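Below is one structure, written out as structure tokens, with a few remarks after it.
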Amino acid sequence: MRLEPRAHVPFWLNIAAPVAAVILAFAFCALLILWTGAPILESYRALLVGAFGSTFAITETLTRAAPLIFTGLAAAVAFRAKLWNIGGEGQLYAGALAATYFGTGLVTLPPLLMVPFLFLVGAVAGGLLLLLPVILKLKLRVDEVVTTLLLNFVVILFANYLLFGPWKDPLAMGWPQAAPIIDEGVLSPLVPRMRLHSGLIWAVAFAVFAWGFIRFSRWGFQIRAVGFNPEAAAFAGMPIGATVLRTALLSGGLAGMAGVCELAGLKGYLTLDLSPGFGYTGIAVAMLAGLHPLGVIAAAIFVAAIYNGADAMSRAMSISNYLADVLTATSLLLVLASVLFVRFRPRLR
Amino acid sequence: MDILEIFISLGFWAALVRMATPLIFGTLGELICERAGVLNLGIEGIMTMGAMVAWFWVYQGGELWTAVLVAAAAGALFGLLHSVFSVYLGLSQHVTGIGITLLATSLSYFAFRMLLPGVTTPPKIEPFKPLAIPFLSDLPYVGEVLFTQSPLTYLAFALVPIVGYGLYRTPLGLAVRMVGENPLAVEAQGIDVHRLRTAAVMLGSAFMAVGGGFLTISVFDAFYIGMINGRGWICVALVIFASWRPGKALAGALLFAAFEALQIRVQQASSAFIPYQFFLMMPYVLSILAMIVMSRRAAYPKALLVPFRKGER
Amino acid sequence: MPEVDETVPGGAGVKQVPHRDPVLRLDGVTKHFGSLTANDAVSLDLYPGEILALLGENGAGKTTLMSILFGHYVADAGHIEAFGKRLPAGSPRAAIAAGIGMVHQHFTLGENLTVLDNIVLGTESLWKPMQSRAKARRKVVALAEHFGLAVDPKRLIRDLSVGERQRVEILKALYRGARVLILDEPTAVLAPKEVETLFKTLKTMVAEGLSIIFISHKLNEVMAVADRVAVLRQGKQVAQIPIAEASKESLAQAMVGRPIAPPKREPLPPGEIVMQMAGLSMSGAPGQTALQELHLLLYGREILGIAGVSGNGQAALAALISGLRLPDGGSFELLGEAVKTTSPAQMQHRGVGRIPEDRHATGVVGDLSVEENLILEASGDRRFCDLGMLRGRVIRRYAKDLIDRFDIRGADPTTTTRALSGGNMQKVILARVLSAKPRVILANQPTRGLDVGAAAKVQELLFEARAEGAGIILISEDLEELLQVSDRIAVLYQGRLSQPVAAEDADLTALGLLMSGHGEFERYRREAGHAA
Chain C
1 MRLEPRAHVP FWLNIAAPVA AVILAFAFCA LLILWTGAPI LESYRALLVG
51 AFGSTFAITE TLTRAAPLIF TGLAAAVAFR AKLWNIGGEG QLYAGALAAT
101 YFGTGLVTLP PLLMVPFLFL VGAVAGGLLL LLPVILKLKL RVDEVVTTLL
151 LNFVVILFAN YLLFGPWKDP LAMGWPQAAP IIDEGVLSPL VPRMRLHSGL
201 IWAVAFAVFA WGFIRFSRWG FQIRAVGFNP EAAAFAGMPI GATVLRTALL
251 SGGLAGMAGV CELAGLKGYL TLDLSPGFGY TGIAVAMLAG LHPLGVIAAA
301 IFVAAIYNGA DAMSRAMSIS NYLADVLTAT SLLLVLASVL FVRFRPRLR
Chain Y
1 MDILEIFISL GFWAALVRMA TPLIFGTLGE LICERAGVLN LGIEGIMTMG
51 AMVAWFWVYQ GGELWTAVLV AAAAGALFGL LHSVFSVYLG LSQHVTGIGI
101 TLLATSLSYF AFRMLLPGVT TPPKIEPFKP LAIPFLSDLP YVGEVLFTQS
151 PLTYLAFALV PIVGYGLYRT PLGLAVRMVG ENPLAVEAQG IDVHRLRTAA
201 VMLGSAFMAV GGGFLTISVF DAFYIGMING RGWICVALVI FASWRPGKAL
251 AGALLFAAFE ALQIRVQQAS SAFIPYQFFL MMPYVLSILA MIVMSRRAAY
301 PKALLVPFRK GER
Chain Z
1 MPEVDETVPG GAGVKQVPHR DPVLRLDGVT KHFGSLTAND AVSLDLYPGE
51 ILALLGENGA GKTTLMSILF GHYVADAGHI EAFGKRLPAG SPRAAIAAGI
101 GMVHQHFTLG ENLTVLDNIV LGTESLWKPM QSRAKARRKV VALAEHFGLA
151 VDPKRLIRDL SVGERQRVEI LKALYRGARV LILDEPTAVL APKEVETLFK
201 TLKTMVAEGL SIIFISHKLN EVMAVADRVA VLRQGKQVAQ IPIAEASKES
251 LAQAMVGRPI APPKREPLPP GEIVMQMAGL SMSGAPGQTA LQELHLLLYG
301 REILGIAGVS GNGQAALAAL ISGLRLPDGG SFELLGEAVK TTSPAQMQHR
351 GVGRIPEDRH ATGVVGDLSV EENLILEASG DRRFCDLGML RGRVIRRYAK
401 DLIDRFDIRG ADPTTTTRAL SGGNMQKVIL ARVLSAKPRV ILANQPTRGL
451 DVGAAAKVQE LLFEARAEGA GIILISEDLE ELLQVSDRIA VLYQGRLSQP
501 VAAEDADLTA LGLLMSGHGE FERYRREAGH AA
């Protein structure tokens, strides 16, 4: 079988391919459900209901989607430039650390300014964290995959130290958590009595911004060119180093903002379990979205729905909610394969 | 206990050798994959899967050595899956690897939870007993450190010269090395590039899984969530540090394990002054430093990360 | 293994006995790639102890035919017989077993492995537990001595010169007992002295009864070494004659078919000096000098052709003009201003247009659209960019205009550039470069790999730029093209540039001598102790 590049990619194929992949993923996981002895259709129904079946479910899904949009964007932007940023998790915590440092009383601004300020410091922290591995890559040819990954462990251990040590809130009765974000910095709730907060609005706004930036701006054009063929881009006069650095700041910044989103929107104070792996899941979200910033919104909601639904399903059918992780991982691999058929037309020899 | 005392204590050296074992398996495994031109970022997940499978086999009453084989088979299976995506379909090795890690890890945890629902403390199994090699284990110092270890440790150490021989002295090893440098040369000899790469990835993944299995059936006697803890990624760094050579891989693993063993003991000694989290950070920071030191002059296999498409000349 | 025929005295000029059994017979071989017919019912015979030249333009189907013979491709129709037995299709292994060996144009060697490793790969069963290295080494050394292909089995490929690497490739085939050797454009990367050595080796081989197929598009080489010649044109075989019955003119005619009038170069008075290099030196690979004591003067309204075997400083010179490197010593001036800092962007701003050597790797970003590639260098230009945002409609119109003007076929502005043919991709690059009206143009192998029609169009565009006042540096491995297109020609040898001569006054022999280090380079060559 040969693969022939398509001269034009029909738009519908961009959607149909990942959808087909996801359906296949569900089919595979149906086998797993079968293995556990639970009834397949009922289990998936429980999942669906848990994800969308009530106001509470929907708001929970959307709440979970917000940080995933941020980390998904972070991965999408980076991967487009062939920058393998696997450090989303660490950058998220870095953003949360920065927001905690500034937002627990050090700086007080009126709410209209405080919230953007917190997002800003979070973005700067995340961006700077990613800058280190990227500079190592540019100057010393050090592969960024492993360095960004390893930094995750370092950052989380550092957060651990702060939470059990100097930042431990004496009012928290022994629990390792930091002081709460001041009221001015808390993200306002969107639906009364639900946990959904305005972080979602910020996330969607940044997704739109990222899309516009990559598609229409000069710097975005450079990011795409460098991602596809850095040698040709360099020859054409594009500043490779600056482009990669900008990408790093943008990607790390987005992941950092995920941390602020969870901190100032959901939890209110820093804890060790602020992120159940949003950084890593964000990678799956980005792949499911085909690295398209607007697609990330849909993919994040989808993945959040899976996780949320799996929680409900696990309560109802006693199926471990790790099924959500399996579903996500399977979808990632199948969508990756499906992209091949979008860009190339298979021809039998 | 001061630093000097740590170095003199036999416990330290014995621990060093023990801790190096999973790193040796993992690094050798990754080395084989990369020599063939495939970056296998599924290592973390494959080690997790190996750990879970080995533990479960023994937990169900199986023999220890059979568990090793089963773990190896599971690893090879995931290696095959990786290869379908990265070699046959020519997809991004980075993303494929991450996908495999996520899949293998999540499947391991899912299976673990389903097989043992409602359990808070992981059930223990009967692990490998340290195997004392006759005569040699009676030697002073060296005996306790080197010759009273788990059989899997002996296996790991034995694999180093075996892999070295395999790569450098057999026709198959030559083909593997060449396929990572110039797959066209291999194809021109009528050898199927895809099959060769797949074989290498499967073998490497089998090694990785055994390394994970070592942790459950020889060290911790149980499986728990998050037990691999980044060792897979450290192995990826170690491969670069070892310049893709088995002998240096052993050296790297030992050096690394030395820092890990040291870190535990120093932490116990001076926990008052430096918070323990900083000691835990050491392995990861050191891996980054190792990569910085070696990357500049690294002679990557030339065809690493480059998918091979038939008929493209 | 095939039976070895009695040795027939080989060498050029001796007619083969026609009724001997052919060692190789291709019968009606046809191959399609989509709508392109690469080979159209080609039939060919190869006799023992002869050198058959396979002649044709780029894209005539020579490499495809040989790839089918060697098993890289499967023919759509026709069959092949080797030494009287049907050759299984699509298997390099079967071809090797049948005694066919191939030296590809682009070497298939593993850089980080040794000569011995490269030769021995695949000769022993993969299931064997141990290599017979000592035996292999002895065999390689014996073969090398026998055929005059000196090489040290222990050395790493990356430390070898191009000529030495080719020897390794030939040894690979001989080691496997090849009785038929296919050489695909073997002289493209060799200096004239090395070419001589190669031809001597080939003659030694045919004296032993081997047969050789020699693919080339260079007429003088074919005339010098072949016994018979087969000409391919656009996939069909148009001639198959003994060399004695052929002449350069008749062969050229057969190759090209209809006489394609090369674009006419009208003599123009040169303009002012646009680029100047004096005493320039630049280092190459560690320890090596890429350019030394280079003097160059480029005038407006002229094309200065740079001839030379690849590896003599062309890459360094191109990198210099492209803005990728700065010289270590000497002076470098563009349009009267000294060049102190450099970058591709700076060079563009100074009015230098650069056409890179490898259009796929360096020229275009294949995954981007045609319009995006057309503004690849100019994305910051005020026409296309406003406050950091790209102006889509302006870019679209600009692209449509360029596609028209430069006759880029099979493309509209949104077509993915990767899907274009080589010739049209090159036109995209030219459109991008030339529409900026550069004062200095670097054209690095601009017609390589293009068919005759596309090449002519490229040359036409260069002439247009020249007429508008640009000074053009044309680096090309095709001496005939250089003679046709350039106003003046100079030769690069070991990083030095010869005194340019007017194209009308230049003759191939003198240029060939310069290319291999004679003439004015004689004293440097002796100093360097350069051996072929």
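Protein chains in written order, with the working numbering: chain C, 1 to 349; chain Y, 1 to 313; chain Z, 1 to 532.
For each residue, glycine too, the CB sits at the ideal point set by N, CA and C.
A quick note: this is a predicted structure, and the numbers were derived from the prediction, not measured.
Those residues which DSSP pairs with residue i across a bridge
| i | result |
| --- | --- |
| phenylalanine 214(Z) | Ala53(Z), Leu183(Z) |
| phenylalanine 332(Z) | Met277(Z) |
| arginine 6(C) | Answer by DSSP bridge pairing: none, since arginine 6(C) is not bridged. |
| methionine 102(Z) | Ile182(Z) |
| leucine 156(Z) | Thr114(Z) |
| glutamine 177(C) | Thr271(C) |
| isoleucine 473(Z) | Leu304(Z), Leu442(Z) |
| alanine 239(Z) | Val231(Z) |
| arginine 345(C) | Glu4(C) |
| aspartate 401(Z) | Its beta-bridge partners do not exist; DSSP assigns none. |
| valine 352(Z) | Val440(Z) |
Any C-beta of chain C under 9 angstroms from that of residue i
| i | result |
| --- | --- |
| methionine 425(Z) | no |
| aspartate 507(Z) | no |
| glycine 28(Z) | no |
Residue range of the unbroken alpha helix (DSSP H) whose run includes residue i
| i | result |
| --- | --- |
| serine 251(C) | 240–261 |
| serine 43(Z) | Not the alpha helix (DSSP H): serine 43(Z) falls in the beta strand (DSSP E), residues 36–46. |
| tyrosine 154(Y) | 151–169 |
| tyrosine 493(Z) | Run containing tyrosine 493(Z): none in the alpha helix (DSSP H); it sits in the beta strand (DSSP E), 488–493. |
Within-9 angstroms CB hit, residue i to chain Y
| i | result |
| --- | --- |
| lysine 135(Z) | no |
| threonine 108(Z) | yes |
| valine 326(C) | yes |
| threonine 362(Z) | no |
| serine 43(C) | no |
| aspartate 273(C) | no |
Cut-off 7 angstroms between Cβ atoms - residues of its own chain near residue i, not counting five sequence neighbours on either side
| i | result |
| --- | --- |
| alanine 465(Z) | Leu434, Ile441, Ile472 |
| valine 260(C) | Gly95, Ala96, Ala99, Leu118, Phe119, Gly122 |
| leucine 32(C) | Leu323, Val326 |
| methionine 66(Y) | In the sequence as displayed, the identity of residue 66(Y) is threonine instead of methionine. So the list reads Trp57, once near-sequence residues are dropped. |
| leucine 24(C) | Leu334 |
| tyrosine 88(Y) | His194 |
| alanine 210(C) | Leu73, Val77, Pro293 |
| methionine 165(Y) | Position check: residue 165(Y) holds tyrosine in this sequence, whereas methionine was assumed. Excluding positions up to five away in sequence, the list is empty. |
Interface flag, residue i vs chain Z, CB-CB below 9 angstroms
| i | result |
| --- | --- |
| serine 217(C) | yes |
| glycine 295(C) | no |
For residue i, the first and last residue of its enclosing beta strand (DSSP E)
| i | result |
| --- | --- |
| phenylalanine 33(Z) | 24–33 |
| alanine 244(Z) | Premise fails: alanine 244(Z) is in no beta strand (DSSP E) and is neither H nor E. |
| isoleucine 319(C) | Run containing isoleucine 319(C): none; DSSP gives neither H nor E here. |
| glycine 78(Z) | 77–82 |
Own chain residues within Cβ distance below 8 angstroms of residue i, not counting five before or after
| i | result |
| --- | --- |
| glutamate 371(Z) | Ile395, Arg396, Tyr398, Ala399, Pro413, Thr414 |
Neighbourhood of residue i by C-beta distance below 6 angstroms, restricted to the same chain and skipping five residues each side
| i | result |
| --- | --- |
| alanine 206(Y) | Ala72, Gly75, Ala76 |
| isoleucine 301(C) | Ala65 |
| threonine 7(Z) | With a pLDDT of 38 at threonine 7(Z), under the threshold of 50, the modelled position of that residue is not reliable, and no figure is offered here. |
| glycine 211(Y) | Pro22, Phe25, Gly26, Met47 |
Would you check if the region 16–31 of chain Y and the region 183–191 of chain Y touch, i.e. whether three or more CB-CB distances between them fall below 8 angstroms?
no
Would you say the region 185–202 of chain Z touches the region 331–347 of chain Z, given that touching needs at least three Cβ pairs under 8 angstroms?
The answer is no - the region 331–347 of chain Z does not touch the region 185–202 of chain Z, with fewer than three Cβ pairs under 8 angstroms.
Tell me whether the region 70–83 of chain C and the region 233–249 of chain C touch, counting them as touching only if at least three CB pairs, one residue from each stretch, are closer than 8 angstroms.
yes
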